[in-house]
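Every letter in the sequence shown is one number past the one before it in the numbering used here, and letter 60, counting from 1, is 80.
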Amino acid sequence: MAKLTYAERQELPDSAFVFPSRRETDGYPIPDKSHARNALARVDQYGTPKEKAAVCRAVKRKYPSIVEKHCKCRHCKLRRELNR
Ligand SMILES: [Zn+2]
């Protein structure tokens with residue numbers, strides 16, 4: 021999994037973060053699909069339900085196909101179960 025260096029993080033626009041106001045600490049950068057998958061996995065492990073929903077929404081806007089497969093928020097899990 022590609023990890024952003026500090027310098028690369030600094031160069032990302034606010035729009036590349038789910039939480040731009042927290043970009044110095046984490047803010048869940050999603051500049052590409054691999055980071056979007058990583059953000060979904062991390063928020064699933066460490067995030068609050070509210071953060072999970074926010075990451076889900078942001079990733080869905082940029083990469084709908086990833087959310088369908090990789091998001092583990094309550095809403096997406098339920099939708100996958102219904103579609104089974
Ligand atoms: Zn979701």
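Glycine included, every Cβ here is placed at the ideal spot set by N, Cα and C.
Note that the coordinates shown come from a computational prediction; the quantities given were computed from them, not determined experimentally.
Where the alpha helix (DSSP H) containing I50 begins and where it ends: Taken as a continuous stretch (DSSP letters only), I50 belongs to no alpha helix (DSSP H), as it is neither H nor E.
Pair within 8 Å by beta-carbon distance, A73 and C93: yes
Proximity test, V38 beta-carbon vs ligand 1 heavy atom, cut-off 7 Å: Judged by the Cβ position, V38 fails to qualify as a neighbour of ligand 1 at the 7 Å threshold, every heavy atom of the ligand being at least this far.
Validate contact between the stretch 22 to 31 and the stretch 62 to 82 using beta carbons, cut 8 Å, 3 pairs: no
Beta-carbon contacts of K53 that lie in its chain and below 8 Å, excluding the five residues immediately before and after: Y83 and I86
Distance cut-off 7 Å: V63 Cβ against heavy atoms of ligand 1: no
Distance cut 5 Å, beta-carbon to ligand 1 heavy atom: residue list by chain order: C76, C91, C93 and C96
Whole-number beta carbon distance between V75 and G67, since they are thought to touch under 8 Å: Beta-carbon to beta-carbon, G67 and V75 are separated by about 7 Å, close enough to satisfy the 8 Å threshold.
R104, enclosing alpha helix (DSSP H) - first and last residue: That residue, R104, is in no alpha helix (DSSP H); it is neither H nor E in DSSP.
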